[in-house]
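Written out below as structure tokens is the structure these notes cover.
Here it is in structure tokens:
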């Protein structure tokens, strides 16, 4: 995944969570990750499994792959409310003592050694422990304040359209790592504060199955070559679904109005017979239209009709090259 620049509800104790190594996910995302963990197309069958177990595993992974292709457009992590994060109150006033420091000071001030502690000469040791706790409390308060400030400042950068902050969000949240795990590639370009352009390397040769797999009644694995038309249909559904997934994730994470997605893949030029890396699908998504769609019931590719897009698809030949859509 490359990043480039071109020419939910958050509680007041969560300011250290939103983007520093903690992506926000919903149950659907977790289900998808579970499927992915059991369906890496590059994964070899474990040698420790016997023949029957390997057959069952292969059939199961094939079914999971089909489910992923069918549902990729439906998946999206929780949205981030940057305005809420930017408006969070600090843990304590600037220049004031933090709550931990105040509590530690009170314990130290109110410490009265007992006669036994004095007799055993423990009073000095206990007082030193309380002083050490006070210093740790100061450090913890300082760290909490620093985390709050970092989160609030970062949220303001996002709301102001800071391109570097945008790219950091995409890198830290990594909302599309599951597509990378399958073998697809992504490149982001921030065109302006409201527009991001994404190039998707479909890599269909590695992802789209060429044969179906199922278990026979006797437990053996039955493989049947898929018709070219069926492979092409799966590729169309996958590329389209990935484009919608990308747009949904970006709208959830960033205050964008437009997301351009260009799906590219290696295809055979029907005239020259040579392989070419071309754009096969290009879509301009707008936030308002996408947010009004029900991705749970509508399917890809029919969802394309809601957006300006370029695509040429032939059931027998698959995708044909197209021009990329413009920003406007």
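Numbering (UniProt numbering), first residue to last: 1 to 328.
Each residue gets a CB set at the ideal place from its N, CA and C atoms; glycine is no exception.
Please read these numbers as outputs of a predicted model, since none were measured by experiment.
Taking the CB atoms as reference points, tell me whether residue i and residue j lie closer together than 8 Å.
i	j	result
residue 235	residue 318	yes
residue 276	residue 267	yes
residue 141	residue 98	yes
residue 279	residue 262	yes
residue 242	residue 184	yes
residue 69	residue 238	yes
residue 240	residue 321	no
residue 88	residue 189	no
residue 304	residue 293	no
residue 211	residue 194	no
residue 59	residue 214	yes
residue 405	residue 315	With the chain covering only 1 through 328, there is no way to say anything about residue 405.
residue 175	residue 120	no
Under the three-state reduction of DSSP, which class applies to residue i: helix, strand or coil?
i	result
residue 94	coil
residue 201	strand
residue 252	helix
residue 155	helix
residue 123	helix
residue 207	helix
residue 115	helix
residue 322	coil
residue 317	coil
residue 223	strand
residue 5	Since pLDDT at residue 5 reaches only 43, below the 50 mark, its modelled position is unreliable, and no value is offered.
residue 80	coil
residue 272	coil
residue 215	strand
Using 7 Å as the cut-off, classify the Cβ of residue i as near or not near the heavy atoms of the ligand COA, replying yes or no.
i	result
residue 154	Of ligands this structure carries none, so the ligand COA is not represented either.
Expressed to the nearest angstrom, what Euclidean distance is found between the alpha-carbon atoms of residue i and residue j?
i	j	result
residue 77	residue 136	37 Å
residue 166	residue 130	44 Å
residue 26	residue 172	Low confidence applies to residue 26: its pLDDT is 46, below 50, so where it sits in the model is not reliable, and the reading given next is rough at best. Cα to Cα, the separation comes out at about 17 Å.
residue 83	residue 187	27 Å
residue 159	residue 196	15 Å
residue 49	residue 219	14 Å
residue 264	residue 180	15 Å
residue 155	residue 85	6 Å
residue 260	residue 308	10 Å
residue 202	residue 65	15 Å
residue 312	residue 281	8 Å
residue 251	residue 79	8 Å
residue 245	residue 255	16 Å
residue 324	residue 91	48 Å
residue 63	residue 298	21 Å
residue 226	residue 55	18 Å
residue 104	residue 134	5 Å
residue 123	residue 110	13 Å
residue 147	residue 157	15 Å
Just to confirm the assignment, what range does the beta strand (DSSP E) spanning residue i have?
i	result
residue 312	308–314
residue 111	Residue 111 -> no beta strand (DSSP E), and no H or E assigned at all.
residue 284	275–286
residue 299	No beta strand (DSSP E) holds residue 299; DSSP gives it neither H nor E.
Please list the terminal residues of the continuous alpha helix (DSSP H) segment that includes residue i.
i	result
residue 263	Taken as a continuous stretch (DSSP letters only), residue 263 belongs to no alpha helix (DSSP H), being part of the beta strand (DSSP E) at 258–268.
residue 169	163–173
residue 185	Element bounds for residue 185: not the alpha helix (DSSP H) but the beta strand (DSSP E), 185–192.
residue 57	51–71
residue 180	177–182
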